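Start counting the sequence shown at 1; every next residue gets the next number (UniProt numbering). Idealized CB from N, CA, C, for every residue including glycine. Source: prediction; values computed, not measured. Contents: one structure, followed by commentary.
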Amino acid sequence: MNPADVGRQLCSAIDARDWAALRSLLADDCRVEYCHDGKVFGPDAWVAFNADYPGVWTFTLDDLVADAGRVVVRARTQDSSMTFHVASFLTVTDGLVSEIVEVWTDGLPNPSEER
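Written as structure tokens, this is what we have:
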């Protein structure tokens, strides 16, 4: 499977809440880092974090760019009241995700320039 397909399948598994499929895409030594809060996960902990996240939400792939071994995903997750946006930077090695670095933001407008 090429890196772009791995990225698409990862997004589909998250949206479908198919945690077994999500885990099957991650290398056993996969490292996931959230830049916005400094959290770092191994593959099982990251899947559990997603599975246990409260609420009923969707995960929508908005854009995907891939090259040899690297994938960048721009996506959004939303429930009935909130929207969050994420940029995910994936490293794919031998058909499995070996690293993910994510940057999350809420869907709120930027603060006013006037202070």
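Starting from residue i and walking both ways along the beta strand (DSSP E), at which residues does that stretch end?
i     : result
Ser88 : Thr83 to Thr93
Val56 : First-last for Val56: undefined, no H or E at that position.
Asp29 : Leu26 to Tyr34
Ala75 : Arg70 to Gln78
DSSP three-state label for residue i, please.
i           : result
Cys11       : helix
Leu61       : strand
residue 130 : A question about residue 130 goes unanswered here, because the residues of the chain that appear run from 1 up to 115.
Arg17       : coil
Asp44       : helix
Ala4        : helix
Quick test of your reading: residue i and residue j, contact by CB under 8 angstroms. State the CB separation rounded to the nearest angstrom.
i     : j     : result
Val86 : Val65 : With a Cβ gap of about 14 angstroms, Val86 and Val65 do not count as contacting.
Val32 : Gly69 : Contact flag wrong, Cβ pair sits at about 17 angstroms.
Trp19 : Val47 : 5 angstroms
Please name the residue, chosen from the options, that lies closest to residue i on a Cα-to-Cα basis.
i      : options                        : result
Asp28  : Leu108, Glu99 and Thr105       : Glu99
Thr105 : Phe49, Arg74 and Gly95         : Arg74
Ser24  : Ser80, Leu96 and Pro109        : Leu96
Leu108 : Val101, Phe84, Phe89 and Ser88 : Phe84
Tyr34  : Val6, Asn50 and Asp67          : Asn50
Cys30  : Arg76, Val72, Cys11 and Ala45  : Ala45
Ser81  : Pro3, Pro54 and Val6           : Pro54
Gln9   : Thr60, Asp52, Gly38 and Val40  : Thr60
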